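Asks:
Number of protein chains: 2
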Amino acid sequence: MPYRAPEADILFALKRAAGLDRAMKAGAFAELGDGLLEAVIGEAGKFATDRIAPLLRVGDRAHTPIVDGRVTMPAGWTETYRAWAEAGWNALSGPEAFGGQDLPTLLSVATFEMWNSGSMAFAIGPTLTIGAVEALFKHGSDALKATYLAKLVSGEWMGTMNLTEPQAGSDLAALKARAERAGDGTYRIFGQKIFITYGDHEMTDNIVHLVLARLPDAPAGTRGISLFVVPKYLVNPDGSLGARNDVVCAGIESKLGINGSPTCTMVYGDGGGAIGWLVGEENKGLACMFTMMNNARLAVGIQGVAVAEAATQHALAYAAERRQARAPGWTGEGMSPIALHPDVRRMLATSKALTAAARAICYSCAMAIDMSRRSEGSEAERWAQRAGIVTPLAKAFSTDVGIDVANLGIQVFGGMGFIEESGAPQFLRDARIAAIYEGTNGIQAIDLVTRKLPLAQGAAVAALIAEWRAAAAATADLPGFGETAQRLAAAIDDLAATVAWFAAPGRDPAEALAGATPFLRLMSLVAGGAWLAGGAAEASTEGDADAGAQVALVRFFAENLLAETAALRDRVVAGAPSTLAAAAFLDA
Amino acid sequence: MPYRAPEADILFALKRAAGLDRAMKAGAFAELGDGLLEAVIGEAGKFATDRIAPLLRVGDRAHTPIVDGRVTMPAGWTETYRAWAEAGWNALSGPEAFGGQDLPTLLSVATFEMWNSGSMAFAIGPTLTIGAVEALFKHGSDALKATYLAKLVSGEWMGTMNLTEPQAGSDLAALKARAERAGDGTYRIFGQKIFITYGDHEMTDNIVHLVLARLPDAPAGTRGISLFVVPKYLVNPDGSLGARNDVVCAGIESKLGINGSPTCTMVYGDGGGAIGWLVGEENKGLACMFTMMNNARLAVGIQGVAVAEAATQHALAYAAERRQARAPGWTGEGMSPIALHPDVRRMLATSKALTAAARAICYSCAMAIDMSRRSEGSEAERWAQRAGIVTPLAKAFSTDVGIDVANLGIQVFGGMGFIEESGAPQFLRDARIAAIYEGTNGIQAIDLVTRKLPLAQGAAVAALIAEWRAAAAATADLPGFGETAQRLAAAIDDLAATVAWFAAPGRDPAEALAGATPFLRLMSLVAGGAWLAGGAAEASTEGDADAGAQVALVRFFAENLLAETAALRDRVVAGAPSTLAAAAFLDA
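Each protein sequence line maps, in turn, to chains A and B. Quick note: UniProt numbering has the first sequence finishing at residue 588, numbered continuously throughout. Quick note: UniProt numbering has the second sequence finishing at residue 588, numbered continuously throughout.
1) Quick check: the Cα distance between Q385 (chain A) and K452 (chain A), rounded to an integer number of angstroms?
2) Cβ closer than 7 Å: which chain A residues qualify as neighbours of K255 (chain B)?
3) Does the Cβ-Cβ distance between residue 614 (chain A) and R346 (chain B) come in under 8 Å?
4) Bridge partners for M73 (chain B) per DSSP, in chain order?
5) In the region 136–194 of chain B, which residue ranges form an unbroken alpha helix (DSSP H) of at least 4 residues, counting only runs that do not cross its ends?
6) Select from A:M161, A:A512 and A:P337 the residue whose C-alpha is nearest the C-alpha of W501 (chain A).
7) Just to confirm the assignment, what range does the alpha helix (DSSP H) spanning H209 (chain B) have?
8) Is DSSP giving T265 (chain A) helix, strand or coil here?
9) Residues in its own chain within less than 7 Å of G388 (chain B) by CB, not counting five upstream and five downstream?
10) Quick check for students: name the residue ranges of the alpha helix (DSSP H) that lie wholly in the region 16–50 of chain A, counting only runs of 4 or more.
11) I'd like the span of the alpha helix (DSSP H) that includes S351 (chain A), first residue to last.
12) To the nearest angstrom, how far is the alpha carbon of A566 (chain A) from that of I492 (chain A)?
13) Does the count of Cβ pairs from the region 93–102 of chain B and the region 146–155 of chain B closer than 8 Å reach three?
14) Could you check whether the region 429–440 of chain B touches the region 389–401 of chain B, counting it as contact only if at least three pairs of C-beta atoms, one from each stretch, sit closer than 8 Å?
15) Which residue or residues does DSSP assign as beta-bridge partners of W277 (chain A)?
16) So what does DSSP say about T291 (chain B), is it helix, strand or coil?
17) Taking N283 (chain A) as the reference, give the member of A:H63, A:G271, A:G221 and A:Y268 with the closest Cα.
18) Can you tell which of A:E483, A:L106 and A:N259 has the C-alpha that lies nearest to the C-alpha of P577 (chain B)?
19) Please confirm whether T391 (chain B) and R521 (chain B) have their CB atoms less than 8 Å apart.
20) Would you call K15 (chain A) buried or exposed, if buried means 16 or more other Cβ atoms sit within 10 Å of its Cβ?
21) Name the residues in the region 314–325 of chain A whose C-beta lies less than 7 Å from a C-beta of chain B; which are they?
22) According to the neighbour-count rule (16 or more other Cβ atoms, all chains shown, within 10 Å of its Cβ), is S378 (chain A) buried or exposed?
23) Keeping to the same chain, check which residues put their C-beta closer than 8 Å to that of R323 (chain A); ignore five residues upstream and five downstream.
24) Would L408 (chain B) be called buried (16 or more neighbouring beta carbons within 10 Å of its own) or exposed?
25) Any beta carbon from chain B within less than 8 Å of M335 (chain A)'s own beta carbon?
26) Give the interface partners of D570 (chain A) over in chain B, defined as CB-CB distance under 7 Å, in chain order.
27) With respect to the beta strand (DSSP E) encompassing I252 (chain B), which residues constitute its N-terminal and C-terminal limits?
28) Does the beta-carbon of A83 (chain A) have 16 or more other beta-carbons within 10 angstroms, so that it is buried, or is it exposed?
29) Between which two residues does the alpha helix (DSSP H) harbouring A576 (chain A) extend?
30) Considering only the alpha carbon of each residue, which of A:V58, A:W277 and A:G285 lies closest to G183 (chain A)?
31) Is the beta carbon of I302 (chain B) closer than 8 Å to that of E113 (chain B)?
32) Name the chain A residues that come within less than 8 Å of T127 (chain B), Cβ to Cβ?
33) For my contact list, L92 (chain A) and T111 (chain A) are in at a C-beta cut-off of 8 Å; report their separation, rounded to the angstrom.
34) Just confirm the distance between the C-beta atoms of L227 (chain B) and V235 (chain B), as a whole number of angstroms; I'd bet it's less than 8 Å.
35) Going by the DSSP bridge assignment, what does residue 592 (chain A) pair with across the sheet?
36) Can you tell me which of the three DSSP states G329 (chain B) falls into?
Structural data, given as structure tokens:
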């Protein structure tokens, strides 16, 4: 039951749900015309299916042990990575001046969905490299760009992000890693970083670490953090590799999942100081890192979609083969496929619908990012605000969906679902990290409520709500949508009511924080449902080949999953007092 | 952060939520008086905390490899098991005639909660032994009882259940294992059984397998299945062990969790036939097995409670220690404990409240089982029907809670939650199986909807609903309950509406099956909420020391978790058509 890239669903999400077709008709994204979009999706699908997916179980079994001081990658990993980079996939979104193709985020996100469905442990490596490209391109000096960017864009070298320390996870203000000025324009870096994904390996000849550290005279807190480039091997002026830098991998974590990716403890400066170069300005490192992290959040969201897609396909294939008992209406010989049992059908339909909703959100987020870069002035600002609002939904909702769908997939498998050989448990184990890293999902919800809802005095969210109301209304007179219009309208009312609750003057911050996570889910259900509904309405009107399937999915989503918004609204507006009073039974 | 038996919560659930205090005042359960109840809970808590909990990580790391043909148990496992059995714990619920203490199911369930919180992989072994005791005591011949029961009751030998075959999981009609009459009153058993928990090991000198198989002239389907005792070693007339029987462990599964328990593929009869003895009548094996399975379902439900409790304690302890950022209102030095952040508090409170609700359901189920055995005539029948209704709730809701709470626990741990060393992932990995075995949770929901709702023409469910309405009303005028009375009343209305929907004449069976799982959760939220509320009202009125904590927990449950019932009702009564039409987007 191998993964197959779901090209039709991806193209629906791009063109219809995220609005690429409308945007192209309006003259945008001309570079994707003449079949390029479909060709790229098709080729990426082939590579993901044929080359990456076969690594999925291999990586999980092998882990990445340190043998003779070297991090050992699973069999086939290095060859596949090099073939992938040589085919140009790493360069898809990179800047043209450094060899990239500068194609839209939309396309990058769609291809990364497929790489991650093939193997999340594989795809997380390039995800970090591309984050490093973004940070260096935006904040690095010309000299740094000249030294590193072309190799990172091509994938000849990989990049890492070094933020976390034992005492500094969600709260980067607590960072202790030190940087000292060497007097020659370079710096010496000292300290320990943990949870560094792809922190060490020999898949590439060099690794470019981006490291947050404090200068001796830095202010306390987050305004005293600087960002440095610290290469594993120093780079000579001619671009060749020089001496080993003073950075070592001191250990590999034993994790629940994504075992094909080395999660390293990195030690800087134990031999006198790792040589680093400043990115951007001193003490302004967090701003540089946030550029990178914002896009990384969408990249993690797509991991949730990707694992959900792979797990759904895996469960669907098993349910079509596995026979037990006789489903209602079954007239065939003997036992029926379990896919026909209504309770299994419920699990499969829920999996497929949640995956589609999360995909619609992630792709719509990518659209907003692309449009903000392709617009000017207030239009660009409007799209940037939208990207800001949708990013926490994309990250948190999608990764929750990844966990929930992987969990449902195990249930569809029954007893075999608990056996590693079936492959079902790995999806849950892999998916679990995505709700944690790049800012836990709770942090995403807090970001949404405290920083994103107030954007443009609430006008940014109001514009989205208006768009979603229009999408709901568009389904009202079309066949096959059932109660979609009414149910979406009711869910949007729930959303509007909670938005008003958060905006009420004098709202207690603690109460707002207590409701943040339920609110994020509420808004995501509306966003996913509305974008899918608008897309399906358009597909239906335009007579797309898969319109019937998309309409049936939207109807299922509306009539089975949207009613949850009322409970979420209720938890937001009424649940905080008893939550904040929970010490009475938690500290007992 | 080791597990500590939650004696106060367990006693609250027993005495107040499940009504043991009221029953004792009415004269029942006299054997638990004079402090015996508290003494047993206290001693069991000590053993679980001091002896079993230290095995948790050991078992997970060691697995149970076959070395030189022998299943190797993790270090300390055998010694601890023997000490546990020698202390009399295995005999707690066993029949007095065979050395048991014949104490109530209520007490057995409470102690098994603690054994499972210590290590589910450890406790699942005795769980199966006790199931074997029940089946043999109820259906075995006097000769079989004389040979096996005393040793199984004491725990000197362990028992197993052999149902599943590769093609026969949820559908036992597909069983192929064969039994042949040997002519001397014994049988020869042939066939392969999979997923046999504690199928082989050397923790005890003998293992007593209960095996389902078909006689040559048996009718097809489930009415042609017989149950046999097949001991690992034959038992001589004097009780000493004789020859090895023809049954071998052909392999150990590599699983997601409960790795300390050997999950075996058992092969019967490859050397000419395993010698077996019939339990009950020929072709009536399934009825015997169902006796055992019904109680096993409650025993699995308590595994969900147990892992949820352990994971909640684990997360609470970490959240009290781990410091990041400053929570609203924090006036201490530096960073605050994350437990004070409202979003973390929400996760902890949700974990604790769901665990308490699942516990209340499981203990109330045990109460119904005990009362059905201690009553006569229609009263006994009434309690038996109640046990029948509550058993699927106890099994499915509690095991879903086990997964959800373990998942929340990982999230509370943040990045450390993904690292195996933290212990957080193991709870999710262990808990995952409980939603699958002993009848998947989907099967439980189908059992509830198709067989339990119609009991006594609906009067059995109606009586429960009336009891829950009274519990809701009892909180109305007491301080501290907030909106509990109104919210419970609304949830009970949702329950009553869905019960009426299922009972409507001409209800399409496929639509009913599509709504079974949401309905089970709806009914469980009401049951757990109402039993907790009634218990807290009683605790409050009686002035219990922990009444304040229990009332605060009920209020949190009512104001944060109960609103979900409206969405579940909606999914039941309106979601089926689009679910049954899902082929349009699933088979695409």
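Just so you know, even glycine gets a beta-carbon here, dropped at the ideal spot from N, CA and C. In this text the structure is predicted, and so the values were computed from the model without any measurement.
Replies: Per the coordinate set shown:
1) 8 Å
2) Listed along chain A are F418, I419 and E420, each with a C-beta nearer than 7 Å to that of K255 (chain B).
3) Outside the shown range of chain A (1 to 588) lies residue 614 (chain A), about which nothing can therefore be said.
4) BP columns for M73 (chain B) are empty, so no partner.
5) Counting whole runs of 4 or more residues, the region 136–194 of chain B contains the alpha helix (DSSP H) stretches 142–154.
6) A:A512
7) No alpha helix (DSSP H) contains H209 (chain B), which is instead part of the beta strand (DSSP E) from I207 to A213.
8) strand
9) Excluding positions up to five away in sequence, the list reads K452 and L455.
10) 20–25 and 36–47
11) P342 to R374
12) 10 Å
13) yes
14) The region 429–440 of chain B vs the region 389–401 of chain B: in contact.
15) A:V229
16) helix
17) A:G221
18) A:E483
19) Here T391 (chain B) is not near R521 (chain B), since their CB atoms are 8 Å or more apart.
20) By the 10 Å Cβ count, K15 (chain A) comes out buried.
21) L316, Q324 and A325
22) exposed
23) G334, M335, S336, P337 and I338
24) buried
25) yes
26) A563
27) V247 to I252
28) exposed
29) Looking at the DSSP string, the run of the alpha helix (DSSP H) that includes A576 (chain A) is A576 to L580.
30) A:W277
31) yes
32) Result: empty, since nearest Cβ-Cβ is about 17 Å, beyond 8 Å.
33) 6 Å
34) Rounded, the Cβ-Cβ distance is 18 Å, inconsistent with contact.
35) Given a span of 1 to 588 for chain A in the structure shown, any question on residue 592 (chain A) remains unanswerable.
36) coil
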